[in-house]
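See below for the structure under consideration.
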Amino acid sequence: MSQAGTSRLTLSLRAEPAERCDLSALTPGRIAGMARADIERMAIGTTNATLRLADVFTVSGEAGGEIVIAGGSTRLDFVGAGLDGGSLTVEGDVGAYAAAGMTGGTLTVRGDTGPWLGAGMKGGLVHVTGSSGAETGGMRAGDRYGMLGGSIVVEGNVGPRAGHRMRRGTIVARGQFGPTAGARMMGGTLWTEKGFAADPGLQMRRGTLIGPKVERLLPTFRDAGDHDLVILRILSRDMAARLGNLAPKPLPLKVRKISGDLAVFGKGELLLTA
Amino acid sequence: MSNAQDKAPITVNGITIDDTFAEAFGMTGTGIVITADTAKWAMQAAITMTGYGTSVIGCGAECGIDRELSPDETPDGRPGVRCLVFSFSPDLVEKQIKSRVGQCVLTSPGSACYNGLESKTKIKLAAGIRYFGDGWQTAKKLGSRRFWRVPVMDGEFVVEDAIGITTDAVGGGNMLVLGTDRRGLLETCEAAVAAIGRVPDVITPFPGGIVRSGSKVGSKYAGVIASTNDAFCPTLRGAVRSELSADTLAVLEIVIDGLSSQSVADATRAGLKAILETGPAKGVTRISAGNYGGNLGQHHYHLKELLP
Chain A
1 MSQAGTSRLT LSLRAEPAER CDLSALTPGR IAGMARADIE RMAIGTTNAT LRLADVFTVS
61 GEAGGEIVIA GGSTRLDFVG AGLDGGSLTV EGDVGAYAAA GMTGGTLTVR GDTGPWLGAG
121 MKGGLVHVTG SSGAETGGMR AGDRYGMLGG SIVVEGNVGP RAGHRMRRGT IVARGQFGPT
181 AGARMMGGTL WTEKGFAADP GLQMRRGTLI GPKVERLLPT FRDAGDHDLV ILRILSRDMA
241 ARLGNLAPKP LPLKVRKISG DLAVFGKGEL LLTA
Chain B
1 MSNAQDKAPI TVNGITIDDT FAEAFGMTGT GIVITADTAK WAMQAAITMT GYGTSVIGCG
61 AECGIDRELS PDETPDGRPG VRCLVFSFSP DLVEKQIKSR VGQCVLTSPG SACYNGLESK
121 TKIKLAAGIR YFGDGWQTAK KLGSRRFWRV PVMDGEFVVE DAIGITTDAV GGGNMLVLGT
181 DRRGLLETCE AAVAAIGRVP DVITPFPGGI VRSGSKVGSK YAGVIASTND AFCPTLRGAV
241 RSELSADTLA VLEIVIDGLS SQSVADATRA GLKAILETGP AKGVTRISAG NYGGNLGQHH
301 YHLKELLP
C-alpha cells in the first residue's frame, strides 16, 4: 500500500461521458497529497479533446485512503487499474480493464463490469455485485499471463474466457462462468456456485475449476473419479478467512474430479461438487 | 560438565536446590504442524518424525512434540500436532526436515505437513519431497503460502513449500534431579515433564523427556567426544570426585529445548515447581543443573532465580 489515510474523495458523475474515460490515474496512491483542484484538472479523456476529470465528475472531499465514484458508466475504463492500496467504490457500472494490474486494496463495483476485469492483477480484492465481462482475470494484449494473484468475487455471471492464462489467485462467481473459462490456465482457482458453460479449461495446463456442473466437456477431459482432497479443506478455510462473508460455501468433502486438458499437460482439474 | 556450588544451597519443601545454573546453547529451531484424518494418526506421524531425535550430537537434530492442535488451529481443519526441530544451523535443520518428513510424514496415512513457526526467515520444506510426485505434483498458492500436492496411494500428500525458522532458539536447558528412590524419582520427573509440556514452544527431546545418561565433555578414549557424567554416577561414588551424597540412589536429568530463551526459562520454572510439589513424597532430595563453568553456553538459567 503506497498511502494511508481515512479521508474520502467522492466523485459524482454529472452525465454519461461523451467519450471513453481512462481512470487509471485515480487511485488513492496516485492522488495522495494532491489538492482537489489538481485532481479536477486530471486528464481522463481518450480522444484529442482534452477531457478533464471535472468535466465528467463533481468532486468533493479530500484525497485519502478511500475514493467513491457515485454513478457509473460503461465508458469508465481502467477503474482501479493498478490499485495498490486503500479502497475504491463505484456506485454503478464500469467499462473495461477495471482492476487490471491491481496489486492491493479493495475495488467494489455495485453494478456490472466490462471485459478484462482484474486482467493481470497480482493482489487485492475485487467485489462486483453485478456481472463481469469477458476475460475476467484474463490476459491483456502483450502480457504473458493473466491474473497472478488476489481475489475477484462476482455476485452475478462471469463472461467468456475467464482466467485466460491465469497463474494464481481466485475468481469466485455466485453465478455461472461463460464459455471456455480457464482457457490456457496455468494455475489459480475458478469457483462457481452455479456451474460452467461449455468447454471450460481449453488447453489448461494446471489450475482448478470448481463448480456443481458443466454444460459441455471438451473431449480432452477425462473422468478421474471421486476424491476427498485435503487441499480443498485448505481452500475453503482460506477463502473464509480472506473473504469473510463474501466467501463461497465450503466445499463438500467428496468431489468428482475431471482431469484435463490432456491435449496439453493434463495437470489441470475440474472438480464437480454436485 | 561441572556443577559450580560455590554458594550455599537453599532448601524448599525438604529438597535442596543447588546455587548453580544450567548452561545452554544457541540453536536454530523450527516448528512443523502435522495433520491427519484423526488425532491418533496425526500423533503417530509426529511420533515417528521426531523419533531418534534426542541429541544433536548423535541424531543430527533434537526433536519433540510441542502440543496437540485442535481442528480450528490447523490449515486444513483436521486434528494436528505441532513438532519442534532443533539443530546447529538452518542448513542442518533443513537437511533433517527433508529426510524426516520424507520418510516419516509423507509415508503416514492421511497426513499433511505445514509451517508451524511464523518467521520472516524460512527454509524449504517441500524442496525435495515434492519430486516424489514424479512430475504429477502441483502447487496451489493461497495468499503468501504455497502448498504442494503430491499424489500418493491414499489421495494427496499436502506439504507446505516453506517453514519458518529462528536462530534465537536455545538447546540444552536442563535440571538434574537427585533422590533416594529410583521409582519415585522417575515419577517426579514425569510430573515435571508433564508440567513443561504445558509451556508453549519447548520440547524435552529425550525418551519421555527424561535422561538417565547425562554426559560430560570428552573421554579417556581418543575420538569420543562425550562420556558418562561420572560425578553424578552413584556407582562411581568413592572412585571419582563425586557430586553425590551417600544416600543418593539415582540421578535423572530433564533437558529442555525452546524456540526462545524465555520459553526455556518458563519451562525450567514449571519443571522446578512440579518437582518441588511432587518430589518430597517421592524421595527426591536435591535439584542441580549441568553447566560447563559458564564459558561455553550463551544462556544461563540459575535455578534460584527460577524457583516458583
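Going down the list, the sequences are from chains A and B.
1 is the number of the first residue of the first sequence in the numbering used here; add one for each residue after it.
1 is the number of the first residue of the second sequence in the numbering used here; add one for each residue after it.
We treat Cβ as the ideally placed atom computed from N, Cα and C, and that holds for glycine.
Closer than 8 Å is the cut-off here; do at least three beta carbon pairs connect the region 220-234 of chain A with the region 153-160 of chain A? no
Quick one: which chain B residues come within Cβ less than 8 Å of residue 267 of chain A? In chain order: 136, 138.
Please classify residue 28 of chain A: is it buried, with 16 or more other beta-carbons within 10 angstroms of its beta-carbon, or exposed? buried
For chain A, find out if any of its Cβ atoms is closer than 8 Å to the Cβ of residue 142 of chain B; answer yes or no. It does: the Cβ of residue 142 of chain B has a partner Cβ on chain A nearer than 8 Å.
Which of helix, strand or coil does DSSP assign to residue 67 of chain B? Look at residue 67 of chain B here: in three-state DSSP terms it is strand.
Considering Cα atoms alone, identify which of A/8, A/242, A/48 is closest to residue 87 of chain A. A/8
Between the alpha carbons of residue 195 of chain A and residue 216 of chain A, how many angstroms are there, rounded? One C-alpha to the other measures close to 11 Å.
Is it right to say residue 263 of chain A is buried, meaning 16 or more other beta carbons lie within 10 angstroms of its own, or is it exposed? exposed
For residue 353 of chain B versus residue 210 of chain B, is the C-beta spacing smaller than 8 Å? Given that chain B is displayed from residue 1 to residue 308, the structure contains no residue 353 of chain B and the question cannot be resolved.
Chain A partners of residue 112 of chain B, CB-CB under 8 Å? Ordered by position in chain A, the residues that pass the 8 Å Cβ test against residue 112 of chain B are 230.
Member of B/294, B/165, B/15, B/154 whose CA lies at the smallest distance from the CA of residue 37 of chain B: B/154
Have a look at residue 175 of chain B and residue 266 of chain B and give me their C-alpha separation to the nearest angstrom. 13 Å
Extent of the continuous alpha helix (DSSP H) to which residue 55 of chain A belongs: DSSP places residue 55 of chain A inside the alpha helix (DSSP H), whose first and last residues are 53-56.
Leaving out the 5 sequence neighbours to the left and right, which residues in its chain are closer than 8 Å to residue 227 of chain B when beta-carbon positions are compared? 215, 216, 218, 219, 220, 221
Would you call the region 127-136 of chain B and the region 44-55 of chain B touching, i.e. three or more CB-CB distances under 8 Å? Too few Cβ pairs lie closer than 8 Å, so no.
Quick check on residue 225 of chain B: buried or exposed, where buried means 16 or more other Cβ atoms within 10 Å of its Cβ? exposed
I want to see whether chain B comes within less than 8 Å of residue 127 of chain A, judged by CB atoms only; does it? no
Neighbour flag for residue 109 of chain B against chain A, beta carbons, 8 Å: no
Any beta carbon of chain A sitting closer than 8 Å to that of residue 76 of chain B? yes
Using DSSP with H/G/I as helix, E/B as strand and the rest coil, what is residue 110 of chain A? coil
Any chance you could list the alpha helix (DSSP H) runs of at least 4 consecutive residues sitting entirely within the region 52-127 of chain B, in chain order? 56-59, 90-100
Alpha carbon to alpha carbon, what distance is there between residue 27 of chain B and residue 254 of chain A? 43 Å
With H, G and I counted as helix, E and B as strand and the rest as coil, what does DSSP make of residue 236 of chain A? Helix, per DSSP.
Residues of chain A with CB closer than 9 Å to the CB of residue 149 of chain B, please, in chain order. Identification of chain A residues near residue 149 of chain B by a Cβ-Cβ cut-off of 9 Å yields 229, 230, 231, ordered along the chain.
Any idea what DSSP makes of residue 12 of chain B, helix, strand or coil? Under the three-state reduction of DSSP output, residue 12 of chain B falls in the strand class.
Whose CA, out of B/255, B/232, B/223, lies closest to the CA of residue 178 of chain B? B/232
Residues from the region 149-171 of chain B in contact with chain A, defined by Cβ distance under 9 Å: 149, 155, 156, 157, 158
Taking a contact to mean a Cβ-Cβ separation below 8 Å, would you say residue 127 of chain A touches residue 94 of chain A in this structure? no
The region 133-149 of chain A / the region 102-119 of chain A touching (three or more Cβ pairs under 8 Å): The region 133-149 of chain A, when compared against the region 102-119 of chain A, does touch it at the 8 Å Cβ threshold.
Using the DSSP secondary-structure output, state which residues sit across from residue 196 of chain A in a beta bridge. A/177, A/214
Can you say whether residue 114 of chain B is buried or exposed, counting buried as having 16 or more other CB atoms within 10 angstroms of its CB? buried
Let me know the secondary structure DSSP gives residue 291 of chain B once reduced to three states. Strand.
Environment of residue 295 of chain B [buried if 16+ CB atoms lie within 10 Å]: exposed
Does the beta-carbon distance from residue 150 of chain A to residue 124 of chain A come in below 8 Å? yes
Quick check: the region 30-47 of chain B against the region 245-253 of chain A, are at least 3 beta-carbon pairs closer than 8 Å? no
Report the residue from A/48, A/190, A/261 whose alpha carbon sits nearest the alpha carbon of residue 224 of chain A. When each option's Cα is compared against that of residue 224 of chain A, the closest is A/261.
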